[in-house]
Structure formats: C-alpha cells, structure tokens
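Student:
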Amino acid sequence: MSVRVETGAMAAPGEVLFASPVGAREATAGAGCYTRVVEGAGEGAERHIVASRLGVVQWDGSVVAVYPWAALSPRVGGGGSVGEAVDGLPASGARAAVVFGPRPGHHVLVRITHSGRFSASGEVIAVDGVWSSGGGGAVPGRQDSFRGVLRAEDIRPFRVTKDQLQPPLPSEAFCAGDVVQAQVLSQSEARLYQLTTIPECCGVVQSSVQCGGQQVELQAVPGRRDGMLCPVDRQLYPRWCPLVPAPERS
120 MSVRVETGAM AAPGEVLFAS PVGAREATAG AGCYTRVVEG AGEGAERHIV
170 ASRLGVVQWD GSVVAVYPWA ALSPRVGGGG SVGEAVDGLP ASGARAAVVF
220 GPRPGHHVLV RITHSGRFSA SGEVIAVDGV WSSGGGGAVP GRQDSFRGVL
270 RAEDIRPFRV TKDQLQPPLP SEAFCAGDVV QAQVLSQSEA RLYQLTTIPE
320 CCGVVQSSVQ CGGQQVELQA VPGRRDGMLC PVDRQLYPRW CPLVPAPERS
C-alpha cells in the first residue's frame, strides 16, 4: 500500500499519513505523529507514519508533522472572518450555522471546560469544519460563544445491568482542555446545545497530559474507544474517542 498525505491536508488521530516497506526510510515522523509497523499480506511488513492529533499536515523535507489548527490558522486568536473554512469546505454552506448556531445533526468541535458527575460542557469552536463565530476558538470565555453539554447518558452506549445501573462518569471520558468532536442532538436554550459522542466518528480528538515535566499529546489506540495512550510513559488514560479501525491481520 502506497500512502502519502500532502501538506495542507487535515488529519485525524490514527490516520495514516505515509506508508512504505519497513526497510525504506523515505520519511520520518515529526511532531504530532508516531511510527508503527503493520504486517502486510504477501508483500511483507509496512512502516506507517500515523497522526496522533487533530490538525494540519506539514512536510519539511522528509519529515512529516501534524500541527494543531490553532498553531497554523490566523483565524484562531486572530479574529478572522466568520464562516471561513478551515479544511477546504465552502464557507457559504456553513455560514448560517457558525453565525446563528448549529442545528441537530451538525458535527461540532467542543473544547471541554468542565467535566463532572452528571455532564461535561464546553465551548463550541467549530461547526462542520468551519470556525465558530462565538469565539470558543478565538476568545475563550466570551459570553456570546456557543456552548455544548454532554450528559452522561449521551457520551457512550450504555445498557443497565445488575452490576451497573448508571453510565460511567463524564469525568472518565473527558478532561478540561480536551477537544471533542460531537453531534448536535438539540438546542436546549439560547446558545446552548445538547450533544452526543455515541457515534463512532465522535469523541476526543485532541488531549494532552503532564508527563516528565512536559505536556505530551495523547495518541489514539486503534480498535478501542475508551482510552488514549501516552507515548512517553506508555500509560493508557481514560478518554472516550472516535473509533480508529485496528489494522487487519493476515
């Protein structure tokens, strides 16, 4: 399999950015990426460079990196035009959503500000790939920003059993500062929306922890949604994530 994702493309955690035979050293993993070896079917093992966070792909010679949107987009922190697309989507189709608010079925990015016993909440920073006018990504804490709430029962699939009558705590799924992709269920009041992360495409897309005196980006774990891996201490941290398919075994 030959894969090369070019500069400027959007990348999600777990996405393969470059693939080559194990012996070839055509590319090196930079910031926001990691390397894994996958056993191929009949053609030998392959070396994959995989995105570990949500962001924009950037090649520098043979080094490929993924940089967070905030580090690359002048619209974040710079007060750019409302409704401008961040991933090549036309702004006109989403302009109403980012100005007047998302609608049921829209996908949003939310920066979590609180995660408690019954719900998690945060500021909406993008709607269907377009930065929100509310400033969640530009001016955190603004009173006119759109906000989203994730109730415990809307975070993950849950079935009552004799051993567990309540769904897991939201604090076991998200932490303050996490960026979460969610789907809009309804509007509960002005500028406040009920969200869900039950669909497989939803969950934490960017998160970090303190490790060894530095902030370390967590990595998605293929095949599971209930945790993210720290590449430094190899510890699994509880997060509710989008499902990244596990590599097929021959």
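In this note's numbering, each residue carries its 1-based index in the sequence shown increased by 119.
All residues carry an ideal CB built from backbone N, CA and C; glycine is no exception.
Just mark residue 221 as buried or exposed, buried being the case when its beta carbon has 16 or more other beta carbons within 10 Å.
Tutor: Taking the sequence shown and counting its residues from 1, one reaches residue 221 at position 102. Buried: at least 16 other Cβ atoms inside 10 Å.
Student: Taking the alpha-carbon of residue 360 as reference, which of 180, 228 and 122 has the nearest alpha-carbon?
Tutor: Your numbering for residue 360 matches position 241 in the sequence shown. For the residues 180, 228 and 122, the minimum Cα distance to residue 360 belongs to 228.
Student: Please determine if the region 332-339 and the region 264-278 are in contact, where contact requires at least 3 C-beta pairs separated by less than 8 Å.
Tutor: The answer is no - the region 264-278 does not touch the region 332-339, with fewer than three Cβ pairs under 8 Å.
Student: Under 6 Å Cβ to Cβ from residue 147, same chain only, skipping five residues before and after it: list those, please.
Tutor: The count along the sequence shown starts at 1 and reaches residue 147 at position 28. Excluding sequence neighbours, residue 147 sits near 181 and 182.
Student: What is the residue span of the beta strand (DSSP E) that residue 179 lies within?
Tutor: Taking the first residue of the sequence shown as 1, we reach residue 179 at position 60. Taken as a continuous stretch (DSSP letters only), the beta strand (DSSP E) holding residue 179 covers 174-179.
Student: Once you ignore the five residues that flank residue 363 on each side, which residues in its own chain have a CB closer than 6 Å to its CB?
Tutor: Working through the sequence shown from its first residue, we reach residue 363 at position 244. Closer than 6 Å at the Cβ level, and outside the excluded window around residue 363, lie 133, 339 and 341.
Student: Spell out a yes or no on whether the region 325-334 and the region 303-313 are touching, meaning 3 or more CB-CB pairs, one atom from each, closer than 8 Å.
Tutor: No: fewer than three Cβ pairs fall under 8 Å.
Student: Which first and last residues belong to the beta strand (DSSP E) in which residue 134 is found?
Tutor: By one-based count along the sequence shown, residue 134 stands at place 15. Looking at the DSSP string, residue 134 is not in any beta strand (DSSP E), and its letter there is neither H nor E.
Student: For residue 184, name the three-state secondary structure that DSSP assigns.
Tutor: For this step, residue 184 is matched to residue 65 along the sequence shown. In the structure shown, residue 184 sits in a strand (DSSP, three-state: E or B).
Student: Just to check my reading of the structure: residue 238 and residue 287 have Cβ atoms closer than 8 Å, yes? What is that Cβ distance to the nearest angstrom?
Tutor: In the sequence shown, residue 238 corresponds to position 119, counting from 1. In the sequence shown, residue 287 corresponds to position 168, counting from 1. Not confirmed; about 13 Å, so no contact.
Student: The beta strand (DSSP E) that contains residue 306, what's its start and end?
Tutor: Here residue 306 refers to the residue found at position 187 of the sequence shown. Per DSSP, residue 306 belongs to the beta strand (DSSP E) from 298-308.
Student: Mapping DSSP to helix, strand and coil, what is residue 143?
Tutor: Position 24 of the sequence shown, counted from the start, is the residue given in the question as residue 143. Looking at residue 143 - three-state DSSP - the assignment turns out to be coil, as it is neither helix nor strand.
Student: So, for residue 163: in the same chain, excluding its five sequence neighbours on each side, which residues have a beta-carbon less than 8 Å away from its beta-carbon?
Tutor: Indexing the sequence shown from 1 puts residue 163 at position 44. Excluding residues within five positions, the ones whose Cβ falls inside 8 Å are 140 and 141.
Student: Reducing DSSP to helix, strand and coil, say where residue 164 ends up.
Tutor: Translated into the one-based positions of the sequence shown, residue 164 becomes position 45. It is coil, neither helix nor strand.
Student: Under 8 Å between the Cβ atoms of residue 165 and residue 157?
Tutor: Here residue 165 corresponds to residue number 46 of the sequence shown, with the count starting at 1. Here residue 157 corresponds to residue number 38 of the sequence shown, with the count starting at 1. Yes, they are a contact pair.
Student: Can you round the beta-carbon distance between residue 124 and residue 130 to whole angstroms, since I take them to be within the 8 Å contact cut?
Tutor: In the sequence shown, the residue the question calls residue 124 occupies position 5. In the sequence shown, the residue the question calls residue 130 occupies position 11. 7 Å between Cβ atoms; contact.
Student: Around the C-beta of residue 300, are 16 or more other C-beta atoms found within 10 angstroms, so that it is buried, or is it exposed?
Tutor: Within the sequence shown, numbered from 1, the residue matching residue 300 stands at position 181. Flag for residue 300 reads buried.
Student: Do you know how far the Cα of residue 333 is from the Cα of residue 317?
Tutor: Walking along the sequence shown from the start, residue 317 turns up at place 198. Walking along the sequence shown from the start, residue 333 turns up at place 214. Distance between the alpha carbons of residue 317 and residue 333: 32 Å.
Student: Using the beta-carbon count (16 or more within 10 Å), is residue 284 buried or exposed?
Tutor: Reading the sequence shown from its first residue, position 165 is the one you call residue 284. Answer is exposed; the Cβ neighbour count stays below 16.
Student: DSSP on residue 292, reduced to helix/strand/coil?
Tutor: Here the question's residue 292 lines up with position 173 in the sequence shown. DSSP places residue 292 in coil when its eight states are reduced to three.
Student: Assuming contact is defined by CB atoms lying nearer than 8 Å, are residue 293 and residue 323 in contact in what I supplied?
Tutor: As a first step, residue 293 is located in the sequence shown; it is residue number 174 there, counting from the start. As a first step, residue 323 is located in the sequence shown; it is residue number 204 there, counting from the start. Their beta carbons are under 8 Å apart, which means residue 293 touches residue 323 by this criterion.
Student: Can you give me the Cβ contacts of residue 320 inside the same chain, cut-off strictly under 6 Å, excluding the 5 residues immediately before and after it?
Tutor: Walking along the sequence shown from the start, residue 320 turns up at place 201. If we look at residue 320 and ignore the five residues flanking it on each side, its Cβ neighbours are 361.
Student: Under a Cβ-count criterion, where at least 16 other Cβ atoms within 10 Å of its own Cβ denotes burial, should residue 233 be classed as buried or exposed?
Tutor: Your numbering for residue 233 matches position 114 in the sequence shown. It counts as exposed.
Student: Specify, as a first and last residue, the run of the beta strand (DSSP E) that residue 274 falls within.
Tutor: Taking the sequence shown and counting its residues from 1, one reaches residue 274 at position 155. No beta strand (DSSP E) contains residue 274, which DSSP labels as neither H nor E.
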